[in-house]
Amino acid sequence: MTERGIQEQRRKKWRVEGNPIRTLEEAREFIESVGFCLLYPVKPPVLAPTFVGAYVGSESGLPTLRQAFADVRAREASELMVRLLRERAAYEAHLFGDSFLVAASVFPYYYAVAGDRNPRQVPKQGGHAETYSPLAVDVLEMIRNKGPISKKRLQEKLSGDLSEAALDRGLVELWTHLRITRVDCKAVEGALWDVLYRWSPETVKEGIQLSVGEALSALLSKYLECVIAAEPQEVEDLFSNLAPRSKVKEASNALQAGREMNFVHVGNRTLLHVTPPRTAASGTREPGEVPGSTSSSSASSSASSSAPQPRSSTRARHEAPRARRHG
Numbered sequence: 127m128t129e130r131g132i133q134e135q136r137r138k139k140w141r142v143e144g145n146p147i148r149t150l151e152e153a154r155e156f157i158e159s160v161g162f163c164l165l166y167p168v169k170p171p172v173l174a175p176t177f178v179g180a181y182v183g184s185e186s187g188l189p190t191l192r193q194a195f196a197d198v199r200a201r202e203a204s205e206l207m208v209r210l211l212r213e214r215a216a217y218e219a220h221l222f223g224d225s226f227l228v229a230a231s232v233f234p235y236y237y238a239v240a241g242d243r244n245p246r247q248v249p250k251q252g253g254h255a256e257t258y259s260p261l262a263v264d265v266l267e268m269i270r271n272k273g274p275i276s277k278k279r280l281q282e283k284l285s286g287d288l289s290e291a292a293l294d295r296g297l298v299e300l301w302t303h304l305r306i307t308r309v310d311c312k313a314v315e316g317a318l319w320d321v322l323y324r325w326s327p328e329t330v331k332e333g334i335q336l337s338v339g340e341a342l343s344a345l346l347s348k349y350l351e352c353v354i355a356a357e358p359q360e361v362e363d364l365f366s367n368l369a370p371r372s373k374v375k376e377a378s379n380a381l382q383a384g385r386e387m388n389f390v391h392v393g394n395r396t397l398l399h400v401t402p403p404r405t406a407a408s409g410t411r412e413p414g415e416v417p418g419s420t421s422s423s424s425a426s427s428s429a430s431s432s433a434p435q436p437r438s439s440t441r442a443r444h445e446a447p448r449a450r451r452h453g
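Here you go:
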C-alpha cells in the first residue's frame, strides 16, 4: 500500500476521476458504496467524499454550501439527492454544519450513535445537553401535528415575531439529534420537514435496538472502507463529532483486538485500515462475508445483497444489516 495507491483508490470510489454519477441508480450505488458523505466540501476539510464531487466527477473547484445557490452543478446535485431521500435510499443528517448523507443500510448504526432513544417522548426543556430549547420543543410539536411541513408554513403557524434565523436554529437543534429530517423539496415551499420516526419507523426502531458500541464499530469499519486508510487521529477527529473520544477509542480498540482493523505503514505515516478478507481456501472469510458468520450464512448474505455492509466486533458482526427497501 502506497500513498499514491490510496489516493487512486479513493478517487475511484469517491467518483472524482471523471466518472460522475447522473442517474438515480448511480447515486444509489455510490452512497451504498461509500456509506456516508458530505453534500458539499467543508472548511476545515474533512477526510470524506462529497455528493457534489461525485456528481461533478471531480474534486477541483467544488462549491461550498454558501456558494451552492449560484452554482448550477450544486443545484442539480441537490435535486438528485432529494430523489434519494424521497425513496429512502439515503437519509440526511446534520454534521459539520452541513448536510451529511447516510446510506439506508448504514443509517440504523448512525441513528444508534446520534439519535434520540425515545423519539416519541416530548423532549425536556432546559440548559443541559440532553434537553432542548423551548423554541425547538414548539417546532417539534408543530411538525408532529402538521408535518411534513415547510419552514415558511412553520413560521406562519408559530406566529409571533419569530425570525428566520431563530427558526433555523430550532430546526438544526432537532435535526442534529435526528428528531426530524428533510423528506422532500418543493419548488414553491422549499424543503419539507417531518419527524423521523414517522417518516421511517422501521429504521428508527432498528437503530434504537443497537448499542452505541456496536454501532460505532460498524461505522468505523465502514468509514475505513470508504477512505481506504486513515491516521487514527483523522478517525477520532471525525467521529468525535458523533460520540465522546473515549467511546471512539474503545470501538477502535475492539476492532483491532478482533483483527478486523490493523495498522499499515505508508511512508512515514502509520494508518488504520480494514483487514483484508482472506480466501475461503484457508477456511476463513471470503470477500463480502460478515465476520463471525458461518460459510453458509456468508453465501446467503452475499447472494441477498451486493452492497458492502458495515462490520463490527460486536453483535452486528454476526448479523448482516437487513436489506433495505427503497420506497
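For the sequence shown, the residue numbers in this note's numbering are 127 to 453. Cβ atoms here follow ideal geometry from the backbone N, Cα and C, with glycine treated the same way.
query: What is the DSSP secondary structure of D363, counted as helix, strand or coil?
result: In the sequence shown, counting from the first residue as 1, residue 363 sits at position 237. It is helical.
- prompt: What is the DSSP secondary structure of D197, reduced to helix, strand or coil?
  reply: On the sequence shown, position 71 is the one that residue 197 refers to. Three-state result, D197: coil.
- request: Check each candidate in N379, E386, A216 and V265 and name the one with the smallest Cα separation from I401.
  value: Counting from one through the sequence shown, the residue named residue 401 turns up at place 275. As written in the sequence, residue 401 is Thr, which differs from the Ile given in the question. Of the candidates N379, E386, A216 and V265, the one whose C-alpha sits nearest the C-alpha of T401 is E386.
field: Exposed unless 16 or more other CB atoms sit within 10 angstroms - verdict on A291
entry: The residue given as residue 291 occupies position 165 in the sequence shown. With fewer than 16 Cβ atoms within 10 Å of its Cβ, A291 is classed as exposed.
Residues bridged to D320 (per DSSP): In the sequence shown, the residue the question calls residue 320 occupies position 194. Answer by DSSP bridge pairing, in chain order: T307.
field: Buried or exposed by the 16-neighbour rule on C-beta atoms within 10 Å, applied to E129
entry: Looking up residue 129 in the sequence shown gives position 3. Flag for E129 reads exposed.
query: What's the gap between the Cα of F240 and the Cα of G144?
result: Numbered from its first residue, the sequence shown carries residue 240 at position 114. Numbered from its first residue, the sequence shown carries residue 144 at position 18. Here residue 240 is Ala; the residue named in the question, Phe, does not match the sequence. Going from the Cα of A240 to the Cα of G144 covers about 34 Å.
Proximity below 8 Å, CB of N376 to CB of G339: Position 250 of the sequence shown, counting from 1, holds the residue named residue 376. Position 213 of the sequence shown, counting from 1, holds the residue named residue 339. Just to set this straight, residue 376 is Glu in the shown sequence, not Asn. Yes, the pair counts as a contact, with Cβ atoms nearer than the cut-off.
- prompt: Taking the alpha helix (DSSP H) that R395 falls in, what are its first and last residues?
  reply: On the sequence shown, residue 395 is found 269 positions in, with the first residue counted as 1. Premise fails: R395 lies in the beta strand (DSSP E), R395 to V400, not in any alpha helix (DSSP H).
message: Less than 6 Å between C-beta atoms, sequence neighbours within five positions excluded: which residues of the same chain meet that for V265?
response: Numbered from its first residue, the sequence shown carries residue 265 at position 139. Same-chain partners within the cutoff: G296.
message: Classify T396: buried if its beta carbon has 16 or more other beta carbons within 10 angstroms, exposed otherwise.
response: Residue 396 sits at position 270 when you count from the first residue of the sequence shown. T396 is exposed by the Cβ-count criterion.
Delimiting residues of the beta strand (DSSP E) encompassing S225: As a working note, residue 225 is residue 99 in the sequence shown. Its beta strand (DSSP E) spans residues D224 to A229.
Distance CB(A219)-CB(V232) smaller than 8 Å: Here residue 219 refers to the residue found at position 93 of the sequence shown. Here residue 232 refers to the residue found at position 106 of the sequence shown. For A219 and V232, no; Cβs fall outside 8 Å.
- prompt: Quick one: what's T176 bridged to in DSSP?
  reply: In the sequence shown, residue 176 corresponds to position 50, counting from 1. Paired residue(s): L164.
- request: Using the Cα positions of V361 and E351, report the straight-line distance between them to the nearest angstrom.
  value: If you number the sequence shown from 1, residue 361 lands on position 235. If you number the sequence shown from 1, residue 351 lands on position 225. For V361 and E351, the distance between alpha carbons rounds to 12 Å.
- request: Report the three-state DSSP secondary structure of K312 (helix, strand or coil).
  value: In the sequence shown, counting from the first residue as 1, residue 312 sits at position 186. K312: strand per DSSP, three-state reduction.
query: If you draw a straight line from the alpha carbon of D310 to that of R279, how long is it in whole angstroms?
result: Residue 310 sits at position 184 when you count from the first residue of the sequence shown. Residue 279 sits at position 153 when you count from the first residue of the sequence shown. Those two C-alpha atoms are separated by around 15 Å.
task: Determine contact between the stretch 269-276 and the stretch 197-204, defined as no fewer than three beta-carbon pairs at a distance below 8 Å.
output: no
field: Cβ distance (whole Å) where P146 is taken to contact A180 below 8 Å
entry: The count along the sequence shown starts at 1 and reaches residue 146 at position 20. The count along the sequence shown starts at 1 and reaches residue 180 at position 54. That pair is a contact at about 7 Å.
message: Whole angstroms are fine: how far does the CA of V208 sit from the CA of C163?
response: Position 37 of the sequence shown, counting from 1, holds the residue named residue 163. Position 82 of the sequence shown, counting from 1, holds the residue named residue 208. Rounded to the nearest angstrom, the two C-alpha atoms are 14 Å apart.
query: For E386, which of helix, strand or coil comes out of DSSP?
result: Residue 386 sits at position 260 when you count from the first residue of the sequence shown. Reduced to three states, the DSSP call for E386 is coil.
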